[in-house]
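> Chains as they are written, first to last, in our numbering: chain Y, 1 to 296; chain S, 1001 to 1296. For glycine and all other residues, C-beta sits at the position ideal for the given N, C-alpha and C. Because the structure is a prediction, the values reported are computed rather than measured.
Protein chains: 2
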Amino acid sequence: MILLDGKKVAAEKRAELRETIAQLQAAGKRAPKLAIVIVGHNPASETYVANKIKACGEVGIEAEKIAFEADITEQQLLAEVSRLNHDATIDGFIVQLPLPEHISETTIMSAIDRRKDVDGLTPENVGRTVQGLPSIISATPRGIRELLAYYQIPTEGRHVVVIGRSNIVGKPIAMLLMQRPYLSLPSMSAASLGDATVTICHSKTRDLKSICLTADIIIVAAGCPKLLTADMVKEGVTIIDVGINRVDGKLVGDVDFENVAPKAAYITPVPGGVGPMTIVSLLQNTLQAYMLKGER
Amino acid sequence: MILLDGKKVAAEKRAELRETIAQLQAAGKRAPKLAIVIVGHNPASETYVANKIKACGEVGIEAEKIAFEADITEQQLLAEVSRLNHDATIDGFIVQLPLPEHISETTIMSAIDRRKDVDGLTPENVGRTVQGLPSIISATPRGIRELLAYYQIPTEGRHVVVIGRSNIVGKPIAMLLMQRPYLSLPSMSAASLGDATVTICHSKTRDLKSICLTADIIIVAAGCPKLLTADMVKEGVTIIDVGINRVDGKLVGDVDFENVAPKAAYITPVPGGVGPMTIVSLLQNTLQAYMLKGER
Chain Y
1 MILLDGKKVA AEKRAELRET IAQLQAAGKR APKLAIVIVG HNPASETYVA NKIKACGEVG
61 IEAEKIAFEA DITEQQLLAE VSRLNHDATI DGFIVQLPLP EHISETTIMS AIDRRKDVDG
121 LTPENVGRTV QGLPSIISAT PRGIRELLAY YQIPTEGRHV VVIGRSNIVG KPIAMLLMQR
181 PYLSLPSMSA ASLGDATVTI CHSKTRDLKS ICLTADIIIV AAGCPKLLTA DMVKEGVTII
241 DVGINRVDGK LVGDVDFENV APKAAYITPV PGGVGPMTIV SLLQNTLQAY MLKGER
Chain S
1001 MILLDGKKVA AEKRAELRET IAQLQAAGKR APKLAIVIVG HNPASETYVA NKIKACGEVG
1061 IEAEKIAFEA DITEQQLLAE VSRLNHDATI DGFIVQLPLP EHISETTIMS AIDRRKDVDG
1121 LTPENVGRTV QGLPSIISAT PRGIRELLAY YQIPTEGRHV VVIGRSNIVG KPIAMLLMQR
1181 PYLSLPSMSA ASLGDATVTI CHSKTRDLKS ICLTADIIIV AAGCPKLLTA DMVKEGVTII
1241 DVGINRVDGK LVGDVDFENV APKAAYITPV PGGVGPMTIV SLLQNTLQAY MLKGER
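#1: Using a beta-carbon distance cut-off of less than 9 Å, what residues from the stretch 1211-1223 of chain S approach chain B?
#2: Report, in whole angstroms, the separation of the C-beta atoms of residue 1144 (chain S) and residue 1219 (chain S), which I expect to be a contact under 8 Å.
#3: Any contact between the stretch 1251-1271 of chain S and the stretch 1074-1093 of chain S? By contact I mean 3 or more CB pairs, one from each, below 8 Å.
#4: Report the residue from Y:247, Y:263, Y:229 whose alpha carbon sits nearest the alpha carbon of residue 235 (chain Y).
#5: Within the same chain, show all residues whose beta-carbon is closer than 7 Å to that of residue 1072 (chain S), passing over the 5 residues directly before and after it, in chain order.
#6: Helix, strand or coil: how does DSSP classify residue 1286 (chain S) here?
#7: Taking the alpha carbon of residue 188 (chain Y) as the reference point, which residue from Y:164, Y:208, Y:151, Y:202 has its own alpha carbon closest?
#8: Three Cβ pairs or more, each shorter than 8 Å: is that satisfied between the stretch 264-278 of chain Y and the stretch 239-255 of chain Y?
#9: Please classify residue 1151 (chain S): does DSSP put it in a helix, a strand, or coil?
#10: Let's test the definition: count the other Cβ atoms within 10 Å of the Cβ of residue 1134 (chain S) and tell me whether it reaches 16, buried, or not, exposed.
#11: For residue 1011 (chain S) and residue 1095 (chain S), I'd like the C-alpha separation in whole angstroms.
#12: Closer than 8 Å by beta-carbon distance: list the chain Y residues that pair up with residue 1156 (chain S), in chain order.
#13: Check whether the Cβ of residue 295 (chain Y) lies closer than 9 Å to any Cβ atom in chain S.
#14: Indicate the three-state DSSP secondary structure (helix, strand or coil) for residue 1195 (chain S) in the structure shown.
#15: Can you tell me the Cα-Cα spacing of residue 1270 (chain S) and residue 1222 (chain S), whole angstroms?
#16: Note down the Cα distance separating residue 1015 (chain S) from residue 1149 (chain S), rounded to an integer number of angstroms.
#17: Using the DSSP secondary-structure output, state which residues sit across from residue 33 (chain Y) in a beta bridge.
#18: What residue does the alpha helix (DSSP H) around residue 21 (chain Y) start on, and which one ends it?
#19: Do you know offhand how far residue 249 (chain Y)'s Cα is from residue 225 (chain Y)'s?
#20: Residue 65 (chain Y): beta carbon under 8 Å from a heavy atom of the ligand ZN?
#21: Can you pull the chain S neighbours of residue 124 (chain Y), defined as C-beta to C-beta under 7 Å?
#22: Please state the DSSP three-state secondary structure of residue 1246 (chain S).
#23: So, helix, strand or coil for residue 295 (chain Y), using DSSP?
#24: Apply the 10 Å Cβ neighbour rule to residue 1207 (chain S) and answer buried if 16 or more other Cβ atoms are within range, or exposed otherwise.
#25: Per DSSP, residue 136 (chain Y) forms a beta bridge with which residues?
#26: Which residues bound the alpha helix (DSSP H) around residue 1086 (chain S)?
#27: Would you mind working out which of S:1091, S:1198, S:1171 sits nearest residue 1282 (chain S), comparing C-alpha positions?
#28: Label residue 1035 (chain S) either buried or exposed according to how many other C-beta atoms from any shown protein chain fall within 10 Å of its C-beta, with 16 as the threshold for buried.
#29: Candidates Y:190, Y:197, Y:192: which alpha carbon is nearest residue 159 (chain Y)'s?
#30: Taking a cut of 7 Å between CB atoms, which residues from the stretch 1129-1152 of chain S lie near chain Y?
#31: Leaving out the 5 sequence neighbours to the left and right, which residues in its chain are closer than 6 Å to residue 64 (chain Y) when beta-carbon positions are compared?
#32: Given a threshold of 16 other Cβ atoms within 10 Å of its Cβ, counted over all protein chains shown, does residue 1209 (chain S) qualify as buried or as exposed?
#33: Indicate whether the contact test is met: 3 or more Cβ pairs, each with one atom in the stretch 50-68 of chain Y and one in the stretch 104-114 of chain Y, closer than 8 Å.
#34: How about residue 278 (chain Y): is its C-beta nearer than 9 Å to some C-beta of chain S?
#35: So is residue 1009 (chain S) in contact with chain Y if we call contact Cβ pairs under 9 Å?
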């Protein structure tokens, strides 16, 4: 059993980013810049935003936090999105979710210019991803692909079972792994993954166990501790555990790790698996937006 | 075995459309209007466009054909798309594909205002469909849903196998049937379908037969005659055959109909199954765009 060490891979990816950005600056270019919009004072959101800003600093991405009180109107927030869309010094920006109830997340997300949508959550980016067009891929699916590519785990022709159908994980990772690779590169890169037979399971799925038993790769993003147990997987399976649950004060995933791990060829730990890859994906997306912009 | 009679259902849907539009006009509103842009003289495209215009006429939708020679530039075609986006007398429009090689279909499609995108093929509409937001759904997936709903074939918790991963059929129908229904209505409507466990198979899938044997519903859109044979399906399966192939001058689908039909609970014929539903979907989409516009 090989542990898919997201912490280690993320550190390497950060080092790569740091070097690329240092080279750009050595060549007289400006650093990439990310803006993070936060509304209100949700403690979890505050922590996430602080972590993202810290991560930016570590690789040389400039980060600007733009904070609004919870009573900002949808109209005012839309105006800020529009301003950021047009601000040439900002390469990408995110609006930290959740938003207060009087603001439609859908309306706000849809207003973000897809070229600056480094969370990859605008309908246009999602549609482009589904259609196999160049797009910005949302953080967790991008991180999962990077992890699979790093460990040279092929997906072509293999049966991938995705458990969970969220807009931020289940649906996009299913679409990415199912379709023709965007790039066919000689060595395996994240963009060369795809061509898998993909089954999407969720709360309404009837016989999850028998479906999982046919899977070569299982991606669990259901938010349910110990959902995937040892009797549900075949020997040699690859397990990607996206779950983050707090049980008895301890962070656990959606997989009964202790009993599933001995049967797995590869498995992500929680914490230290997909989690660290997610933040690094945001940094990669910001650099991608910067590179595509051509205004440096 | 019950034949899913697309010809009959499409006729009923056309009658409904005709009545709705007649009522609108009786109330002093203008008729919905569809514009169809065609470039060059591809004979198949000419036929498709003629059929669409005829179908519009049958239900009272005004149709305008806008024809360009094959030497139109991408820039000029983009200008026409922009003009149609802003023309308040046009409720929806389509650009008939394929386009000449010197014009990027992606660029043209992406330029269409999603609210007038009655083919449902812009990345934004596709992304909205994937995210479960109100959207215009492309013709064939919409037609398949209408057919399932008409015959009251439930999808919740059932295993749907989609064979083929095209942008116009495989990907969108997989996404639609997998996700939470957009509307939970007391009686079954197309919009209340969903919640299925969906597997997407394609040319790289290794053991298609064993996957199909577990399917409650199989949707075949691979463009390969007799791809699905009797040994690949279980008793009582529902079969939706999207294939249109010409073999020995005869129109056939992707299913070995003669041998598969006896095992099926429901099956679409080819021709007369999904095909007739596709054109009616375009008409429904045009009315939907008209209704949403609020300018009558």
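Taking the definition as stated:
#1: The chain inventory of the structure shown lacks chain B, comprising the protein chains Y and S.
#2: 7 Å
#3: no
#4: Y:263
#5: 1039
#6: helix
#7: Y:151
#8: yes
#9: coil
#10: exposed
#11: 25 Å
#12: 204
#13: Summary for residue 295 (chain Y): the model assigns pLDDT 44, below 50, so the residue's position carries little reliability; its value from the coordinates is reported in the next sentence. For residue 295 (chain Y), the answer is no, since every Cβ of chain S falls outside 9 Å of its Cβ.
#14: coil
#15: 14 Å
#16: 17 Å
#17: Y:62
#18: 6-26
#19: 13 Å
#20: This structure does not include the ligand ZN; it has no bound ligands of any sort.
#21: 1123, 1124, 1127
#22: strand
#23: Because the pLDDT of residue 295 (chain Y) is 44, which lies under 50, any placement of that residue in the model is unreliable, and the number read from its coordinates should be weighed accordingly. Coil.
#24: exposed
#25: Note: residue 136 (chain Y) sits in no beta bridge, so no partner.
#26: 1074-1086
#27: S:1091
#28: buried
#29: Y:197
#30: 1130, 1131, 1133
#31: 35
#32: exposed
#33: no
#34: no
#35: no
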